[in-house]
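This report concerns only the one structure given below.
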Amino acid sequence: MKRICRRCLAREMPDAEYYRNMYEYIDNLDEDIKAPAGIYEKRLEACKQCDSLLNGMCRVCGCFVEMRAAVMKNGCPAVSRKW
Ligand code: SF4
279 MKRICRRCLA
289 REMPDAEYYR
299 NMYEYIDNLD
309 EDIKAPAGIY
319 EKRLEACKQC
329 DSLLNGMCRV
339 CGCFVEMRAA
349 VMKNGCPAVS
359 RKW
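Residue numbers are given in this note's numbering: position 52 of the sequence shown equals residue 330, and the series is strictly consecutive.
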């Protein structure tokens, strides 16, 4: 049975290998569009405090938050944006 983890990022899940393609995508993002590491981590910290995070996914937009946060132009999709 798959474990449900509230407020976990995908990288914190026991089956992190399952998400390897996502991390390769993030690693290979063009530096011109990629969020700097400090901003990226601040965004993820906000997600970890958010009730909409479930199994690494945002329940507002359906994105994996690590992927959404990695692109600088993206923002939190909540009505009251958290980043
Ligand atoms: S609503 Fe915003 S802060 Fe909450 S999980 Fe989604 S992207 Fe992260």
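Note that beta-carbon positions come from the ideal geometry of N, C-alpha and C, so glycine has one too. Quick caveat: nothing in here was measured; it's all calculated off a predicted structure.
Enumerate in chain order the residues of its own chain whose CB-to-CB distance from residue i is below 7 Å, with the five nearest sequence positions on each side excluded.
i	result
ILE304	GLU344, MET345 and ALA348
GLY353	ARG359 and TRP361
ALA356	SER330 and VAL338
Verify the CB distance criterion: does residue i have a CB-CB separation below 9 Å to chain C?
i	result
MET350	Judged by its chain identifiers, the structure shown contains no chain C, having just a single protein chain.
State yes or no: is the C-beta of residue i nearer than 8 Å to some heavy atom of the ligand SF4?
i	result
LEU331	yes
ARG359	yes
VAL343	yes
Any idea which residues DSSP pairs residue i with across the strands?
i	result
LYS312	VAL349
CYS336	LEU331
If we count the other Cβ atoms within 10 Å of its Cβ and call it buried at 16 or more, is residue i buried or exposed?
i	result
TYR297	buried
GLY334	buried
Beta-carbon within less than 6 Å of residue i's beta-carbon, same chain only, minus the 5 sequence neighbours each way: which residues are those?
i	result
ARG321	ALA347 and TRP361
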